[in-house]
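Shown next, in structure tokens, is the structure this report addresses.
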Amino acid sequence: MMTPDHSADPLILSGIHYQTHEPVDVTVASGIITDIHQREQVSEEALAFIGPGLVDIQVNGFAGVDFNDAALTADGVMTITRSLLQLGVTTFYPTIITNANETIRTILKTIDLACETSTLVASCIGGIHLEGPFISPEEGPLGAHPKAHVKPPDWSLLASFIEASGGRVRIITLSPEWPESAKFIRRCVEHGLLVAIGHTAANPTQIQEAVAAGARLSTHLGNAAHQLLPRHPNYIWEQLAQDELAASVIADGFHLPPSVLKVIFRMKAEKAILISDSVSLGGMPPGNYYSPVGGEVVLTDEGKLHMAGKPMMLAGSAQPLLWGINQLVHLQLASLTQAWDMASINPSRLLNLPQQGGLTIGAPADLVIFSFNKIVKVYKKGCDTEIHRENTEIRREK
């Protein structure tokens, strides 16, 4: 639960501004940042950092709960919500992958029910991300998605998904390799959806047509791809070259090598977005598991999640967004400010969320007080989320 907001009693939070590294007092009232002013100089050791809440646009599950399980319950959605808040994620997008049509609709209805019955869940879920079923059926781009349920774009089917979700679908990842994809993308954009290119075997022309039709994001760029590609052209180069496309990446230390991350960050700059792509095994101990995303999977001691018998075939990530931030800073691929923005400001800007204001006057008071890789406190709309954080220190593999 969250502490009630008393608008007559402004809340003052002190910390080291995550961008300027100056000590500041942040005043919050009615869920909004109303004032920020520099306080007397103190050592950084005396205060923790303060920054905007993290925004994860690709969450398949966490804490043993899977968004792709037909048996998902509203309580399970609450479990994920509270677990992510504990790790600084104040806004997230449940991500539903390729599955049987009725299973997808059942899951969407459950998420909608969870939002309708809990103000906390409703305030933390920015929308729903449909990752499929309109993706490539080819091995490699298919990733861990079940090929039997992959299909070409179908507006009536998508409309049924949107209806089942209570209108909460906000992002759709698809492959523009299918005929009539550009027309389908335009229709999605007209209905307010963010269209992402992912799990694709599209040729450069098809990608160009998708961007011209309104696609604006590459989903986990560099992953869900063929093991071998033509030197050039290919669908990774083409997406990098499209200035209109933002790019989400998984920086867990397993999905992409540092050199690839560096290139993507150079090309995309403020359009680079950090995602977790976490599945239900996020936060779980190492071992052999069964997951609706990938079937039989293995979570190693190092935190890598792969399909059983296929150590090179990843089955999503088992690490939270905070882990990725820590990785980028540790590898000197980004400063703390840059890494935190990739996981907060940048996705908020892409989705035109109020949170794109970040740590500024007038922005929503979704705030995180943290000490490097340890979360101290989390506020949602100015309310202390009152969550115990015994396990919020994220171990980083070197």
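Numbering (the UniProt record's numbering) for the sequence shown: 1 to 398.
All C-beta atoms in this analysis are idealised placements derived from N, C-alpha and C, irrespective of residue type, glycine included.
Checklist line | Residue of 221, 79, 246 and 56 minimising C-alpha distance to residue 235 | finding: It is 221 whose Cα lies nearest to the Cα of residue 235.
Note to self: If distances are taken between C-alpha atoms only, which option among 120, 223, 215 and 229 comes closest to residue 245?
What the structure shows: 215
Check: Buried or exposed: residue 130, going by 16 or more other Cβ atoms within 10 Å of its Cβ?
Finding: buried
Notebook entry, point to check: For residue 191, is the classification buried or exposed, using 16 other Cβ atoms within 10 angstroms of its Cβ as the cut-off for buried?
Noted result: exposed
Next item on the list: Mind the definition here: the region 225–243 touches the region 282–296 only if three or more C-beta pairs lie below 8 Å; say whether that holds.
Entry: no
Note to self: With H, G and I counted as helix, E and B as strand and the rest as coil, what does DSSP make of residue 349?
What the structure shows: helix
Next item on the list: Please work out which residues of its chain come closer than 7 Å, Cβ to Cβ, to residue 224, disregarding the five sequence neighbours upstream and downstream, and give them in chain order.
Entry: Contacts found: 141, 143, 198 and 199.
Checklist line | Alpha carbon of residue 238 to alpha carbon of residue 248, nearest angstrom | finding: 15 Å
Margin query: Please give me, in chain order, every unbroken run of the alpha helix (DSSP H) with length at least 4 that falls completely inside the region 251–324.
Written below: 258–268
Item checked: Whole-angstrom distance between residue 30 and residue 18, CA atom to CA atom -> 23 Å
Next item on the list: List the endpoints of the continuous alpha helix (DSSP H) containing residue 86.
Entry: Looking at the DSSP string, the run of the alpha helix (DSSP H) that includes residue 86 is 74–86.
Note to self: Taking the alpha carbon of residue 127 as the reference point, which residue from 146, 133 and 90 has its own alpha carbon closest?
What the structure shows: 90
Next item on the list: For the alpha helix (DSSP H) holding residue 238, just list the boundary residues, first then last.
Entry: Where residue 238 is concerned, the enclosing alpha helix (DSSP H) stretches over 235–241.
Item checked: Bounding residues of the alpha helix (DSSP H) (the contiguous stretch that carries residue 98) -> Here residue 98 belongs to no alpha helix (DSSP H), and DSSP marks it neither H nor E.
Note to self: Quick check on residue 93: buried or exposed, where buried means 16 or more other Cβ atoms within 10 Å of its Cβ?
What the structure shows: Burial call: buried.
Checklist line | Span separating the alpha-carbon of residue 95 from that of residue 164 | finding: 15 Å
Notebook entry, point to check: Which value, in whole angstroms, describes the spacing of the CA atoms of residue 171 and residue 23?
Noted result: 37 Å
Margin query: Along the chain, where does the alpha helix (DSSP H) containing residue 162 start, and where does it finish?
Written below: In the DSSP assignment, residue 162 falls within the alpha helix (DSSP H) that extends over 155–164.
Item checked: Cut-off 8 Å between Cβ atoms - residues of its own chain near residue 39, not counting five sequence neighbours on either side -> 14, 23, 24 and 25
Next item on the list: Put residue 112 into one of helix, strand or coil per three-state DSSP.
Entry: helix
Notebook entry, point to check: Relative to the C-alpha of residue 32, which residue among 266, 160 and 365 is closest?
Noted result: 365
Notebook entry, point to check: Whose C-alpha, out of 345, 360, 115 and 350, is nearest the C-alpha of residue 219?
Noted result: 350
Checklist line | Option in 386, 342, 353 and 103 with minimal Cα separation from residue 160 | finding: 103
Item checked: Proximal residues to residue 166 (C-beta, below 6 Å), its chain only, five neighbours per side dropped -> 112
Notebook entry, point to check: Which value, in whole angstroms, describes the spacing of the CA atoms of residue 377 and residue 241?
Noted result: The alpha-carbon atoms of residue 377 and residue 241 are separated by roughly 39 Å.
Notebook entry, point to check: Sorted by chain position, which residues of the same chain lie with C-beta nearer than 8 Å to residue 337's C-beta, five sequence neighbours on each side aside?
Noted result: Excluding sequence neighbours, residue 337 sits near 18 and 19.
Check: By a C-beta neighbour count over all protein chains shown, 10 Å radius and 16 as the cutoff for buried, is residue 266 buried or exposed?
Finding: exposed
Notebook entry, point to check: Mind checking whether residue 132 and residue 278 have CB atoms under 8 Å apart?
Noted result: no
Item checked: Minimum C-alpha distance to residue 419 - residue among 361, 258 and 176 -> The requested residue 419 is not part of the displayed model; the chain covers only 1 to 398.
Check: Beta-carbon separation of residue 117 and residue 74 under 8 Å?
Finding: Yes, the Cβ-Cβ distance between residue 117 and residue 74 is below 8 Å.
Item checked: Assigned exposure category for residue 355 - 16 Cβ within 10 Å defines buried -> By the 10 Å Cβ count, residue 355 comes out buried.
Notebook entry, point to check: Under a three-way DSSP split, which group does residue 332 fall into?
Noted result: coil
Next item on the list: Leaving aside the five residues before and after residue 371 along the sequence, list all residues of the same chain whose C-beta is less than 8 Å from its C-beta, in chain order.
Entry: 48 and 49
Next item on the list: Go through its chain and collect everything with a Cβ distance to residue 375's Cβ below 8 Å, but skip five positions before and after it.
Entry: 86, 87, 88, 322, 368, 369, 389 and 392
Item checked: N-terminal and C-terminal residue of the beta strand (DSSP E) that residue 38 is part of -> 32–38
Next item on the list: Select from 54, 99 and 9 the residue whose C-alpha is nearest the C-alpha of residue 295.
Entry: 99
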